[in-house]
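Q: For the sequence shown, our numbering assigns the number 1103 to the initial residue and increments by one for each residue that follows. Beta carbons are placed, not taken as given, at the ideal position from N, Cα and C, and that holds for glycine. Can you read through this structure? Questions will come right after.
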Amino acid sequence: MVEKAKFKFEKLHIWQDAMNLGEQINLIADDFPKKEAYNLSSQICRAADSVALNISEGSIVQSKLEFRKFLGYFVRSLAEVVTCLYKASNRAYISDKEFEKLYDCCFKLMNMIIAFRNKI
1103 MVEKAKFKFE
1113 KLHIWQDAMN
1123 LGEQINLIAD
1133 DFPKKEAYNL
1143 SSQICRAADS
1153 VALNISEGSI
1163 VQSKLEFRKF
1173 LGYFVRSLAE
1183 VVTCLYKASN
1193 RAYISDKEFE
1203 KLYDCCFKLM
1213 NMIIAFRNKI
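In structure tokens form, the structure reads like this:
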């Protein structure tokens, strides 16, 4: 990642980790069957990207209350990613190892965001 960090969200570990999650999800979605291109592949990629997008968007708002609202959106998007991971696993699009790795990443991010949100 580029080391410019002019926006405050770029310095947040949760944003950096969310960016990495989005890239990992994008890679696995590329291997989903073509029939999922407009369904599960699209949904999981949009949800994963939304995680980082909500942090960046929320971090530039004017009030702490509004920022907390966006962090709530972050958690909702993350829950959507987890559900899509279950769908992908149930349909045998990803291995158990891939599922566990990404699931653990989501769980870590959720705990990080809850702790961060409680500090605001």
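#1: In chain order, what residues of the same chain have a beta carbon less than 8 Å from the beta carbon of Gln1153, not counting five sequence neighbours either side?
#2: Taking a contact to mean a Cβ-Cβ separation below 8 Å, would you say Leu1142 touches Cys1186 in this structure?
#3: When burial is assigned at 16 or more other CB atoms within 10 Å of the CB, is Tyr1140 buried or exposed?
#4: Please classify Ile1116 as buried or exposed, where buried requires at least 16 neighbouring CB atoms within 10 angstroms.
#5: Using alpha carbons as the reference points, say which of Tyr1205, Asn1220, Tyr1195 lies closest to Glu1138.
#6: Just how far apart, CA to CA, sit Gln1164 and Gln1126?
#7: Let's see if you can read the secondary structure: which residues bound the alpha helix (DSSP H) around Glu1083?
#8: So, with DSSP's three-state summary, where would you put Val1163?
#9: Does DSSP classify Arg1193 as helix, strand or coil?
#10: Less than 6 Å between C-beta atoms, sequence neighbours within five positions excluded: which residues of the same chain meet that for Ala1131?
#11: Which residues bound the alpha helix (DSSP H) around Ile1216?
#12: For the alpha helix (DSSP H) containing Leu1123, name the first residue and the last one.
A: Straight from the coordinates:
#1: Mapped onto the sequence shown, residue 1153 falls at position 51. The question names Gln, but residue 1153 is Val in the sequence shown. So the list reads Ala1120, Leu1123, Gly1124, Phe1176, Ser1179, Leu1180, Val1183, Leu1211, once near-sequence residues are dropped.
#2: The residue labelled residue 1142 in the question sits at position 40 within the sequence shown. The residue labelled residue 1186 in the question sits at position 84 within the sequence shown. Yes, the pair counts as a contact, with Cβ atoms nearer than the cut-off.
#3: Numbered from its first residue, the sequence shown carries residue 1140 at position 38. So Tyr1140 counts as exposed.
#4: The sequence position of residue 1116 within the sequence shown is 14, counting from 1. Buried, because 16 or more other Cβ atoms sit within 10 Å of the Cβ of Ile1116.
#5: As a first step, residue 1138 must be located in the sequence shown, where it is residue number 36. Of the listed residues, the one whose Cα sits closest to Glu1138 is Tyr1195.
#6: Position 62 of the sequence shown, counted from the first residue, corresponds to residue 1164. Position 24 of the sequence shown, counted from the first residue, corresponds to residue 1126. Take the alpha-carbon of Gln1164 and the one of Gln1126: they are about 31 Å apart.
#7: Because the chain here runs from 1103 to 1222, residue 1083 falls outside it and cannot be looked at.
#8: If you number the sequence shown from 1, residue 1163 lands on position 61. Coil, per DSSP.
#9: Sequence index remark: in the sequence shown, residue 1193 carries index 91 (1-based). DSSP places Arg1193 in coil when its eight states are reduced to three.
#10: Counting from one through the sequence shown, the residue named residue 1131 turns up at place 29. Only Ser1143, Ile1146, Cys1147 meet the Cβ criterion.
#11: For the purposes of this step, residue 1216 is taken as the residue at position 114 of the sequence shown. That run of the alpha helix (DSSP H) goes 1198-1221.
#12: Residue 1123 sits at position 21 when you count from the first residue of the sequence shown. Element bounds for Leu1123: 1115-1131.
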